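Undergrad: The following block contains the structure, expressed as structure tokens.
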Amino acid sequence: MTRDQPVLALSDSDVRLVRDSFEHVSMDLVPLAADFYEILFRKNAELRALFADDLGPQVAKLAHTLSFAVAQLEQRETLHRDLVTLGALHQEKGVETAHYDAVADALVAALARSLGAGWEPRIELAWRKLLKAVGASMLLGAQEAGPG
Ligand code: HEM
């Protein structure tokens, strides 16, 4: 795997499931992001210290990045390169490999809560594939950046 090689390997049907579900929650991204942090820190209290006291700007940034990633799903090479860069920044903030699973679990839980009865196992699987791929691209950037 290299910096330029896309690792996002979602099928067309996964892309559709992610997009359709995201469309339902996208009017309400700030509450979704707030829910996400509430779940993340409830289950992983040690992660709170990595973030600034005021989560406000972070909530907006996460909402923005999610919209961007979902919109860019067809531009996989560009998305991959942006995520590699974002991963290097995360390495500098002290984010570790295991944290990506904690983040994926919290985001899936927040999405499920937001979609309510519309949430289905195949939607969860498609999101998990996306988040795995996003994490893989970001971890590649983290590796390149090297330890601390
Ligand atoms: C799905 C993967 C992720 C995405 C899309 C994402 C997105 C972002 C974005 C867009 C920023 C703002 C960067 C900037 O300031 O320019 C950020 C910052 C940050 N992220 Fe992530 N992130 C992800 C995974 C993680 C993980 C696994 C952790 C570990 C807990 C984490 C912790 C942080 C921290 C600590 C900051 C800095 C916040 C601050 O300065 O207060 N992120 N993230």
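So the sequence shown is residues 1 to 148, counted in the UniProt record's numbering. The C-beta atom is built at its ideal place from N, Cα and C for all residues, glycine as well. Keep in mind it's a predicted model, so treat the numbers as computed, not measured.
#1: For the putative contact between A142 and G87, defined by C-beta atoms under 8 Å, what is the C-beta separation to the nearest angstrom?
#2: What residues in its chain sit with their C-beta under 8 Å from that of L10, if we drop five residues either side in the sequence?
#3: DSSP state of D101, grouped into three classes?
#4: Check G146 in the structure and name its three-state DSSP category.
#5: Flag T65 as yes when its Cβ comes closer than 7 Å to any non-hydrogen atom of the ligand HEM, and as no otherwise.
#6: In the structure shown, what three-state DSSP assignment does V134 receive?
#7: Is there contact here, the stretch 61–69 with the stretch 109–126, by at least three beta-carbon pairs under 8 Å?
#8: In terms of alpha-carbon separation, which member of R42, L32, S137 lies closest to residue 170?
#9: Within the same chain, show all residues whose beta-carbon is closer than 7 Å to that of I39, passing over the 5 residues directly before and after it, in chain order.
#10: Please tell me whether, using a cut-off of 7 Å, the distance from the CB of G135 to the nearest non-hydrogen atom of the ligand HEM is below it.
#11: Do you know offhand how far R48's Cα is from R122's?
#12: Would you kindly check if the distance between the Cβ of A145 and the Cβ of E92 is under 8 Å?
#13: DSSP three-state call for L17: helix, strand or coil?
#14: List the whole-angstrom C-beta distance separating M138 from H99, where the pair is believed to meet the contact cut-off of C-beta under 8 Å.
#15: Quick check: does the Cβ of K93 come within less than 7 Å of any heavy atom belonging to the ligand HEM?
#16: Out of curiosity, what's the CA-to-CA distance linking V15 and N44?
TA: Answer, in terms of the structure:
#1: To locate residue 142, count along the sequence shown from 1; it is residue 142. To locate residue 87, count along the sequence shown from 1; it is residue 87. At roughly 5 Å, the Cβ-Cβ gap stays under 8 Å, so A142 and G87 are in contact.
#2: Looking up residue 10 in the sequence shown gives position 10. So the qualifying residues of the chain are V18, L73, A126, K129, L130, A133.
#3: Position 101 of the sequence shown, counted from the start, is the residue given in the question as residue 101. DSSP places D101 in helix when its eight states are reduced to three.
#4: Taking the sequence shown and counting its residues from 1, one reaches residue 146 at position 146. Of the three classes helix, strand and coil, the one that applies to G146 here is coil, per DSSP.
#5: For the purposes of this step, residue 65 is taken as the residue at position 65 of the sequence shown. Yes, since a heavy atom of the ligand HEM falls inside the 7 Å radius drawn around the Cβ of T65.
#6: By one-based count along the sequence shown, residue 134 stands at place 134. Looking at V134 - three-state DSSP - the assignment turns out to be helix.
#7: no
#8: This structure leaves residue 170 out entirely; the chain is present only between 1 and 148.
#9: Numbered from its first residue, the sequence shown carries residue 39 at position 39. Correct list, in chain order: A106, A109, A110.
#10: Locating residue 135 in the sequence shown gives position 135, where the first residue counts as 1. Yes, Cβ of G135 sits closer than 7 Å to a heavy atom of the ligand HEM.
#11: Numbered from 1 along the sequence shown, position 48 holds the residue referred to as residue 48. Numbered from 1 along the sequence shown, position 122 holds the residue referred to as residue 122. Straight-line Cα distance between these residues: approximately 31 Å.
#12: On the sequence shown, residue 92 is found 92 positions in, with the first residue counted as 1. On the sequence shown, residue 145 is found 145 positions in, with the first residue counted as 1. Cβ distance < 8 Å, so E92 and A145 count as in contact.
#13: As a working note, residue 17 is residue 17 in the sequence shown. If DSSP states are grouped into helix, strand and coil, L17 belongs with the helices.
#14: Reading the sequence shown from its first residue, position 138 is the one you call residue 138. Reading the sequence shown from its first residue, position 99 is the one you call residue 99. Wrong, their Cβ atoms sit about 10 Å apart, outside the cutoff.
#15: Reading the sequence shown from its first residue, position 93 is the one you call residue 93. It does: the Cβ of K93 is within 7 Å (strictly closer) of some heavy atom of the ligand HEM.
#16: As a position in the sequence shown, residue 15 is number 15, starting the count at 1. As a position in the sequence shown, residue 44 is number 44, starting the count at 1. Taking the straight line from one Cα to the other gives about 29 Å.
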